[in-house]
Amino acid sequence: MGHPRVLIGDDHVMFSEGLRRILEPHFEIVGTISDGRDLVEAVDRLRPEVVVADISMPSLNGIEAARRIRKMQRAPKVVFLTMHDDVTFATAAFQAGASGYVLKRSAPAEIITAIQEALRGRTYVSPLVAGDVLNRLMEKRKHPEKLESELTSRQTEILQLLAEGKSPKEIAAVLDISTRTVEFHKYRIMQATGVRTIAELTRYAIAHGIIQPS
Numbered sequence: 002m003g004h005p006r007v008l009i010g011d012d013h014v015m016f017s018e019g020l021r022r023i024l025e026p027h028f029e030i031v032g033t034i035s036d037g038r039d040l041v042e043a044v045d046r047l048r049p050e051v052v053v054a055d056i057s058m059p060s061l062n063g064i065e066a067a068r069r070i071r072k073m074q075r076a077p078k079v080v081f082l083t084m085h086d087d088v089t090f091a092t093a094a095f096q097a098g099a100s101g102y103v104l105k106r107s108a109p110a111e112i113i114t115a116i117q118e119a120l121r122g123r124t125y126v127s128p129l130v131a132g133d134v135l136n137r138l139m140e141k142r143k144h145p146e147k148l149e150s151e152l153t154s155r156q157t158e159i160l161q162l163l164a165e166g167k168s169p170k171e172i173a174a175v176l177d178i179s180t181r182t183v184e185f186h187k188y189r190i191m192q193a194t195g196v197r198t199i200a201e202l203t204r205y206a207i208a209h210g211i212i213q214p215s
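For our numbering, count along the sequence shown from 1 and bump the result up by 1.
Next up, the structure:
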C-alpha cells in the first residue's frame with residue numbers, strides 16, 4: 002500500500018520545499034500550491050487525503066479555503082501549519098473544519114504527528130495553543146452570540162481581494178458577480194469593521210491574518 006497523499010498549500014517557496022523534504026519519507030506529496038483559490042481547485046483535481054495549509058495565502062486565505070474544501074465530496078482532512086499563535090485563528094480554523102493546528106515554530110515531528118492523527122479521524126492541536134483553544138471553544142458553547150464572526154465568508158473573501166489591491170471591477174470578474182454587488186459588500190465590510198479607507202481595511206486584514214504584510 003502506498004503512502005497517504007498530502008497536498009501542501011503555502012506561499013513561501015523555501016518553506017514549502019523544506020516541508021516537502023520533511024514529509025516525503027512518510028507521505029506521498031502530490032503537489033505544492035501557493036494560492037488559496039488554486040489550492041481548492043487542486044484538491045478537486047489531485048484528490049489528496051490530507052491538505053497541509055497556511056492561513057495566510059494570496060487570493061483566498063486558508064480558513065476560507067478550508068470551508069470550501071469541507072463541502073467537497075470525499076473531502077480531505079485539513080491540517081493548518083501556520084505562524085499564527087493567536088487562539089482566534091486556531092478556533093476559526095477548527096470551526097472551518099480543520100483536523101489539526103500546528104505552529105511553524107514547532108518541532109518537525111509535530112506536523113507528521115498531526116497528519117497521522119488526522120488520517121485516523123482524530124484532532125491534533127499544538128501544545129503551544131491547546132489550552133487556549135479548549136477554553137475558547139468551551140466559551141463558544143456557553144456564549145455563542147459573543148463569538149460570532151463580524152464578517153460573512155463572502156465579505157472576508159472580498160476584504161482579502163480589496164486588501165491585495167484589486168479594484169471592485171477586478172473583484173467582480175474574479176468572483177463572477179456584479180461590480181455593484183462588490184461595492185455593496187465593501188460598504189457592509191466598512192460598517193462591520195468600523196474603518197473608512199482601503200488603507201485601514203488593509204491594516205485590518207493584516208491584523209486578522211487574512212493577508213500578510215508585504
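Note that CB positions come from ideal geometry on N, CA and C, so glycine has one too.
With a floor of 3 residues, list each beta strand (DSSP E) that falls wholly inside the segment 74 to 142, ordered by position along the chain. 78 to 83 and 101 to 104
Quick check on DSSP: helix, strand or coil for residue 160? Against the sequence shown, residue 160 aligns to sequence position 159. Helix at residue 160.
Less than 6 Å between C-beta atoms, sequence neighbours within five positions excluded: which residues of the same chain meet that for residue 147? Position 146 of the sequence shown, counted from the first residue, corresponds to residue 147. Note that residue 147 scores a pLDDT of 43, beneath 50, so its modelled location is shaky and nothing firm can be said.
Does DSSP put residue 33 in a helix, in a strand, or in coil? Translated into the one-based positions of the sequence shown, residue 33 becomes position 32. Looking at residue 33 - three-state DSSP - the assignment turns out to be strand.
What are the boundary residues of the alpha helix (DSSP H) that residue 56 is part of? As a first step, residue 56 is located in the sequence shown; it is residue number 55 there, counting from the start. Element bounds for residue 56: n/a, residue is neither H nor E.
In the structure shown, what three-state DSSP assignment does residue 9 receive? As a working note, residue 9 is residue 8 in the sequence shown. Note: residue 9 maps to strand in three-state DSSP.
Residue 105 versus residue 131: straight-line alpha-carbon distance, rounded: Position 104 of the sequence shown, counted from the start, is the residue given in the question as residue 105. Position 130 of the sequence shown, counted from the start, is the residue given in the question as residue 131. Their backbone Cα atoms lie some 15 Å apart in a straight line.
Whether residue 66 touches residue 10 by CB criterion (9 Å): Along the sequence shown, one-based indexing puts residue 66 at 65. Along the sequence shown, one-based indexing puts residue 10 at 9. A contact, by the Cβ cut-off of 9 Å.
For residue 206 versus residue 161, is the C-beta distance shorter than 9 Å? Locating residue 206 in the sequence shown gives position 205, counting from the first residue. Locating residue 161 in the sequence shown gives position 160, counting from the first residue. Against a cut-off of 9 Å, the Cβ pair of residue 161 and residue 206 comes out as a contact.
Could you give the first and the last residue of the continuous alpha helix (DSSP H) run that contains residue 186? Working through the sequence shown from its first residue, we reach residue 186 at position 185. Per DSSP, residue 186 belongs to the alpha helix (DSSP H) from 180 to 194.
In whole angstroms, what is the alpha-carbon distance linking residue 80 and residue 101? As a first step, residue 80 is located in the sequence shown; it is residue number 79 there, counting from the start. As a first step, residue 101 is located in the sequence shown; it is residue number 100 there, counting from the start. The alpha-carbon atoms of residue 80 and residue 101 are separated by roughly 4 Å.
Quick one, are the C-beta atoms of residue 70 and residue 98 less than 9 Å apart? For this step, residue 70 is matched to residue 69 along the sequence shown. For this step, residue 98 is matched to residue 97 along the sequence shown. The answer is yes: Cβ separation under 9 Å.
Can you find the residues in the same chain that come closer than 6 Å, C-beta to C-beta, to residue 203, ignoring five residues on each side of it along the sequence? What you label residue 203 is simply residue 202 of the sequence shown in a count that begins at 1. Once the five neighbours on either side are set aside, the close Cβ partners of residue 203 are 164.
Taking only three categories from DSSP, how would you classify residue 209? Along the sequence shown, one-based indexing puts residue 209 at 208. Correct three-state label for residue 209: coil.
I'd like the list of long-range same chain contacts for residue 121, defined as Cβ closer than 6 Å, with 5 residues on each side in sequence excluded. Translated into the one-based positions of the sequence shown, residue 121 becomes position 120. Nothing meets the Cβ criterion.
Could you give the DSSP three-state label for residue 170: helix, strand or coil? Locating residue 170 in the sequence shown gives position 169, where the first residue counts as 1. Helix.
In the DSSP assignment, find the unbroken alpha helix (DSSP H) run with residue 3 in it and report its ends. Along the sequence shown, one-based indexing puts residue 3 at 2. That residue, residue 3, is in no alpha helix (DSSP H); it is neither H nor E in DSSP.
Neighbourhood of residue 40 by C-beta distance below 6 Å, restricted to the same chain and skipping five residues each side: The count along the sequence shown starts at 1 and reaches residue 40 at position 39. Contacts found: 10, 34 and 66.
Straight-line Cα distance separating residue 47 from residue 125: Counted from its first residue, the sequence shown places residue 125 at position 124. Counted from its first residue, the sequence shown places residue 47 at position 46. Taking the straight line joining both Cα atoms gives about 24 Å.
Can you look up residue 153 in the DSSP assignment and give me helix, strand or coil? The residue you call residue 153 lines up with position 152 of the sequence shown. Reduced to three states, the DSSP call for residue 153 is coil.
Taking the C-alpha atoms as reference points, what is the distance between residue 167 and residue 127? Taking the first residue of the sequence shown as position 1, residue 167 is located at position 166. Taking the first residue of the sequence shown as position 1, residue 127 is located at position 126. Going from the Cα of residue 167 to the Cα of residue 127 covers about 35 Å.
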